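So for the sequence shown, the working numbering puts the first residue at 372; every next one is plus one.
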Amino acid sequence: MVARYPGVALPIARRRHGIPVGDETELVIESFPRSGMTFAVVAFEMAQTRQVRVACHVHAPAQVIEAARRRIPALVLVREPEPTILSFVIRHPHVSMRQALRGYVRFYEPLLRYRHDFVASSFEDVTTDFGLVIRLVNERFGTAFDEFRHTPENVERCFSRISGDYRERAGTSAEFERIVARPSDERERIKEALRERFDDPRLTRGRRRAQSVYAAIAGREA
Numbered sequence: 372m373v374a375r376y377p378g379v380a381l382p383i384a385r386r387r388h389g390i391p392v393g394d395e396t397e398l399v400i401e402s403f404p405r406s407g408m409t410f411a412v413v414a415f416e417m418a419q420t421r422q423v424r425v426a427c428h429v430h431a432p433a434q435v436i437e438a439a440r441r442r443i444p445a446l447v448l449v450r451e452p453e454p455t456i457l458s459f460v461i462r463h464p465h466v467s468m469r470q471a472l473r474g475y476v477r478f479y480e481p482l483l484r485y486r487h488d489f490v491a492s493s494f495e496d497v498t499t500d501f502g503l504v505i506r507l508v509n510e511r512f513g514t515a516f517d518e519f520r521h522t523p524e525n526v527e528r529c530f531s532r533i534s535g536d537y538r539e540r541a542g543t544s545a546e547f548e549r550i551v552a553r554p555s556d557e558r559e560r561i562k563e564a565l566r567e568r569f570d571d572p573r574l575t576r577g578r579r580r581a582q583s584v585y586a587a588i589a590g591r592e593a
């Protein structure tokens, strides 16, 4: 439960990974892992004509809560639970489906009370028209960030940068395809094999709770 408390979670994040929100932060981009954040951050930075201080990749609700308290513009990315959880378990094979579902809910549920303090964007919008997403951030917060031109050429440039970064981390080509934050045919094949585990009747309650939180954050309540 530490992740929801800024005073505890953010100092830990500074020591471990990610870029926590700070006094000079101009924009926060956050999400549960495997929700398109790496693409969003790379695309955002690629589009800017000046260096913008972005806090990102902490993967803790405290990051967004602190942005709300400081009135810093924040963008929260959210993806449907099933593809998110499957991708997460592929990336972290030691984590069970139940644990991943619990982590998904624990990230987004604390943000519900702050829903009007950030812009939420779906994985689909991020990966098909990220320029529009930046425009929504500008309209919401009165900022003037440059919009990403979502052309095939620019998307390919993003994927190239992402692949280069992940190749440095991966020990083998198989590991690279398992962890890289861009589309992967190999990962899609593994997802199909894992889907039966995700659909386990014993996880029904967890799936429903995750879907409910997704709908509330994405603004897609029935």
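Quick reminder that beta carbons are idealized off the backbone N, C-alpha and C, glycines included.
Values in this document were obtained by computation on a predicted structure and should not be read as measured data.
Query	Result
Three or more C-beta pairs closer than 8 Å, one from the region 567–583 and one from the region 472–479: is that the case here?	yes
Does the count of Cβ pairs from the region 501–517 and the region 433–441 closer than 8 Å reach three?	no
Only counting runs of 4 or more residues, tell me where the alpha helix (DSSP H) segments fall wholly within the region 387–436, in order along the chain.	408–418
Look at the alpha carbon of residue 565 and the alpha carbon of residue 456, and state the distance between them as a whole number of angstroms.	10 Å
Is the separation between the beta-carbon of residue 425 and that of residue 413 shorter than 8 Å?	no
If I measure Cβ to Cβ from residue 407 and keep anything under 7 Å in the same chain, skipping five residues before and after, which residues do I get?	448, 450, 494, 497, 498
Apart from the five residues just before and just after residue 402, which ones in its own chain have a Cβ nearer than 7 Å to its Cβ?	408, 447, 448, 449
Specify the secondary structure class of residue 445 as computed by DSSP and reduced to three states.	strand
Considering only the beta carbon of each residue, do residue 574 and residue 417 sit closer than 8 Å?	no
Going along the chain, which unbroken runs of the alpha helix (DSSP H) with 4 or more residues stay wholly within the region 457–499?	468–479, 494–499
Given residue 427, which residues of its chain have a CB within under 6 Å of its CB, disregarding the five upstream and five downstream residues?	390, 400, 412
Tell me the rounded alpha-carbon separation between residue 434 and residue 568.	31 Å
Counting along the chain, where does the alpha helix (DSSP H) carrying residue 513 start and finish?	Element bounds for residue 513: n/a, residue is neither H nor E.
Starting from the Cα of residue 525, find the closest Cα among 480, 501, 462, 562 and give me that residue.	501
Out of 394, 436, 452, 445, point me to the one whose CA is closest to residue 327's CA.	Since the first residue shown for the chain is 372 and the last is 593, residue 327 is missing from the structure and cannot be characterised.
Indicate whether residue 491 and residue 590 have their beta-carbon atoms separated by less than 8 Å.	yes
Would you check if the distance between the CB atom of residue 519 and the CB atom of residue 410 is smaller than 8 Å?	no
Might you give, ordered along the chain, the residues of its own chain that have their beta carbon closer than 6 Å to the beta carbon of residue 521, omitting 5 neighbours on each side?	500, 501, 502
With DSSP run on the structure shown, which of helix, strand or coil describes residue 590?	coil
Nearest to residue 429 by alpha carbon, out of 404, 423, 421, 422?	404
When the Cα atoms are used, what is the spatial distance from residue 587 to residue 483?	7 Å
Pick helix, strand or coil for residue 373, following the three-state DSSP scheme.	Any reading at residue 373 is ruled out, since the residue's pLDDT is 40, under 50, leaving its predicted position unreliable.
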